[in-house]
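Protein chains: 2
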Amino acid sequence: MSTASIDNLTARLNRLPGIGIKTAQRLAYHILTLSNEDVEGLSSALLNAKRSVHYCPVCGNFTENDICDICANEKRDKSVICVVKDARDVSYLERMREYRGCYHVLGGTLSPMDGVGPDDIRIKELVERVENGKVNEVILATNPDVEGEATASYIAKLLKPFGVKTTRIAHGIPIGGNLEYVDEITLFKAMENRREV
Amino acid sequence: MSTASIDNLTARLNRLPGIGIKTAQRLAYHILTLSNEDVEGLSSALLNAKRSVHYCPVCGNFTENDICDICANEKRDKSVICVVKDARDVSYLERMREYRGCYHVLGGTLSPMDGVGPDDIRIKELVERVENGKVNEVILATNPDVEGEATASYIAKLLKPFGVKTTRIAHGIPIGGNLEYVDEITLFKAMENRREV
Numbered sequence: 002m003s004t005a006s007i008d009n010l011t012a013r014l015n016r017l018p019g020i021g022i023k024t025a026q027r028l029a030y031h032i033l034t035l036s037n038e039d040v041e042g043l044s045s046a047l048l049n050a051k052r053s054v055h056y057c058p059v060c061g062n063f064t065e066n067d068i069c070d071i072c073a074n075e076k077r078d079k080s081v082i083c084v085v086k087d088a089r090d091v092s093y094l095e096r097m098r099e100y101r102g103c104y105h106v107l108g109g110t111l112s113p114m115d116g117v118g119p120d121d122i123r124i125k126e127l128v129e130r131v132e133n134g135k136v137n138e139v140i141l142a143t144n145p146d147v148e149g150e151a152t153a154s155y156i157a158k159l160l161k162p163f164g165v166k167t168t169r170i171a172h173g174i175p176i177g178g179n180l181e182y183v184d185e186i187t188l189f190k191a192m193e194n195r196r197e198v
Numbered sequence: 002m003s004t005a006s007i008d009n010l011t012a013r014l015n016r017l018p019g020i021g022i023k024t025a026q027r028l029a030y031h032i033l034t035l036s037n038e039d040v041e042g043l044s045s046a047l048l049n050a051k052r053s054v055h056y057c058p059v060c061g062n063f064t065e066n067d068i069c070d071i072c073a074n075e076k077r078d079k080s081v082i083c084v085v086k087d088a089r090d091v092s093y094l095e096r097m098r099e100y101r102g103c104y105h106v107l108g109g110t111l112s113p114m115d116g117v118g119p120d121d122i123r124i125k126e127l128v129e130r131v132e133n134g135k136v137n138e139v140i141l142a143t144n145p146d147v148e149g150e151a152t153a154s155y156i157a158k159l160l161k162p163f164g165v166k167t168t169r170i171a172h173g174i175p176i177g178g179n180l181e182y183v184d185e186i187t188l189f190k191a192m193e194n195r196r197e198v
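Protein sequences appear in the order of chains A and B. Each residue of the first sequence is one higher than the last, beginning at 2 in the numbering used here. Each residue of the second sequence is one higher than the last, beginning at 2 in the numbering used here.
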């Protein structure tokens with residue numbers, strides 16, 4: 002049966018995204034069966050991550066150093082900036098191992114419904130980078146949802162006066178996908194953006 | 002992008018049951034966006050739960066006191082013992098708010114495949130309770146899977162010489178269930194255990 006400290010742990014776990022009350026309870030009971038070393042390890046991993054990780058002052062990515070590994074890497078092309086919603090998106094794109102430019106993490110997308118305006122995300126910092134640096138291309142890689150599209154259009158319009166090349170990642174049928182299971186909007190995008198072969 | 006301490010946190014979270022690598026990564030990134038207070042709260046909730054919770058020496062349930070609340074409660078009927086696989090099962094049965102007896106937590110079920118024999122779970126302690134106490138009924142509430150059924154039969158056979166009433170929780174169609182979606186074995190059990198109305 003649960004005790005006060007099990008209930009507290011369960012409530013804390015339950016606040017994490019995607020962890021419902023049943024999962025939180027299952028995790029809490031599992032944690033009690035772990036060794037002291039494992040529980041202490043998890044507990045200090047939480048504190049260490051929170052303590053040592055901060056935002057890169059250049060791109061807004063997570064880092065433990067003064068500036069992040071990508072901004073510090075001389076082999077990365079500083080003239081190409083890929084704009085993403087959050088730091089997790091950087092790790093997704095890096096998995097590709099193909100992109101050699103750098104990033105700009107917005108820390109959110111425009112969402113008037115949730116009260117998120119242009120000043121609440123790192124758009125000003127992006128404009129400054131374009132203004133000051135030798136930027137040739139800005140790739141808008143926000144998600145293809147309402148907020149992501151709105152944010153991409155907003156930034157594209159804002160960057161127009163600087164004459165920088167602004168691109169949007171392609172939308173279409175995923176590789177390995179099947180026409181039967183692709184939604185109509187994706188299908189429409191795939192048709193619209195068809196290329197001659 | 003991930004750093005050493007994000008990777009460490011992700012790896013630690015990934016070891017928890019039901020937390021795959023993608024969920025672990027999502028949680029780790031979410032944790033970095035929490036306030037210091039929230040991260041410290043979660044971190045110490047882990048340590049506190051592990052430090053203050055131990056097994057009740059009577060029934061094997063989790064407790065923060067000398068013996069658990071149920072064993073310590075004078076209103077609970079000590080002559081009825083409900084045998085369950087683990088402490089989580091106690092909290093499920095308590096949710097019913099109907100059962101007034103006490104419990105015996107086995108801490109596992111017999112599973113020769115995994116090398117779990119009668120000496121590895123708290124069967125000896127159950128026999129001692131039946132031998133020494135004024136026990137009228139032992140309710141076997143292990144799960145209706147292979148290991149749970151085998152454990153229930155084993156305990157029933159072991160308790161036979163003591164002349165104590167040994168019962169098994171009923172199996173059948175869940176309330177709100179539908180014949181169409183119930184598996185054949187449950188259906189068979191439901192037919193077999195039919196009652197006159």
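Note that beta-carbon positions come from the ideal geometry of N, C-alpha and C, so glycine has one too. For clarity, every value in this text was computed on a predicted model and none was experimentally measured.
For residue i, is the classification buried or exposed, using 16 other Cβ atoms within 10 angstroms of its Cβ as the cut-off for buried?
i      : result
B/D67  : exposed
B/S44  : buried
A/K23  : exposed
B/F189 : exposed
B/G149 : buried
Can you tell me which of the options puts its alpha carbon nearest to the alpha carbon of residue i?
i      : options                           : result
B/T143 : B/I22, B/K86 and B/A25            : B/K86
B/S107 : B/R169, B/C83, B/E185 and B/L33   : The residue asked about is misnamed: residue 107 of chain B is Leu in this sequence, not Ser. Ranking B/R169, B/C83, B/E185 and B/L33 by Cα distance to B/L107 puts B/C83 first.
B/D146 : B/T168, B/I124, B/K135 and B/T110 : B/T110
B/D39  : A/L35, A/V54 and A/L47            : A/L47
A/G210 : B/R27, B/A12, B/R13 and B/Y182    : Coverage of chain A is limited to positions 2 through 198, which leaves residue 210 of chain A absent and any answer about it impossible.
B/P58  : B/V131, B/K23, B/D120 and B/E126  : B/E126
A/D78  : A/D8, A/T34 and A/G134            : A/G134
B/A171 : B/M97, B/R130, B/T187 and B/L14   : B/T187
A/L94  : A/G177, A/I122, A/N179 and A/L141 : A/L141
A/A157 : A/I124, A/E181, A/D70 and A/N179  : A/I124
B/E99  : B/N49, B/V128 and B/K76           : B/K76
A/N49  : B/D8, B/I71 and B/D121            : B/D8
Please say whether residue j and residue i have beta carbons closer to each other than 8 Å?
i      : j      : result
A/S92  : B/S3   : yes
A/G61  : A/V81  : no
B/L159 : B/V139 : no
A/N194 : A/K166 : no
A/A151 : A/R169 : no
B/R89  : A/Y30  : yes
B/L10  : B/I32  : yes
B/V54  : B/E65  : yes
A/Y155 : A/P119 : yes
A/V131 : A/F163 : yes
B/L35  : B/A25  : no
B/A191 : B/I174 : yes
A/N37  : B/K51  : yes
Kindly provide the ranges of any alpha helix (DSSP H) runs that are 4 or more residues long and lie completely inside the segment 19 to 93 of chain B, ordered along the chain. Fully enclosed alpha helix (DSSP H) runs of 4 or longer: 22 to 34, 37 to 53 and 70 to 73.
Could you run through the segment 27 to 50 of chain B and flag, in chain order, every residue whose CB is less than 8 Å away from some CB of chain A? Correct list: R27, L28, A29, Y30, H31, I32, L33, L35, N37, D39, V40, E41, G42, L43, S44, S45, A46, L47, L48, N49 and A50.
Those runs of the beta strand (DSSP E) which lie wholly inside the segment 101 to 177 of chain A and span at least 3 residues: For the segment 101 to 177 of chain A, whole beta strand (DSSP E) runs of length 3 or above, ordered along the chain, are 102 to 106, 138 to 141 and 166 to 169.
Quick one: which residues of the segment 5 to 16 of chain A get their C-beta closer than 7 Å to a C-beta of chain B? List them in chain order. Within the segment 5 to 16 of chain A, contact with chain B at the beta-carbon level (separation under 7 Å) is assigned to A5, S6, I7, N9, L10 and R13.
Output needed in chain order: residues of the segment 60 to 91 of chain B with a Cβ under 8 Å from some Cβ in chain A. Within the segment 60 to 91 of chain B, the qualifying residues are N62, F63, T64, E65, C69, D70, I71, D87, A88, R89 and V91.
Check distances from the C-beta atoms of the segment 137 to 151 of chain B to those of chain A and list, in chain order, the residues that come in under 7 Å. Residues passing the 7 Å Cβ filter: none.
Taking only beta carbons into account, state which residues of the segment 109 to 125 of chain B come closer than 7 Å to chain A, listed in chain order. Taken residue by residue, none of the segment 109 to 125 of chain B has a beta-carbon sitting less than 7 Å from a beta-carbon on chain A.
Can you pull out the residues from the segment 175 to 187 of chain B whose beta carbon lies closer than 9 Å to at least one beta carbon of chain A? Correct list: empty, as no residue qualifies.
Contact residues within the segment 154 to 177 of chain A, judged by C-beta distance below 7 Å to chain B: Here the close residues number zero.
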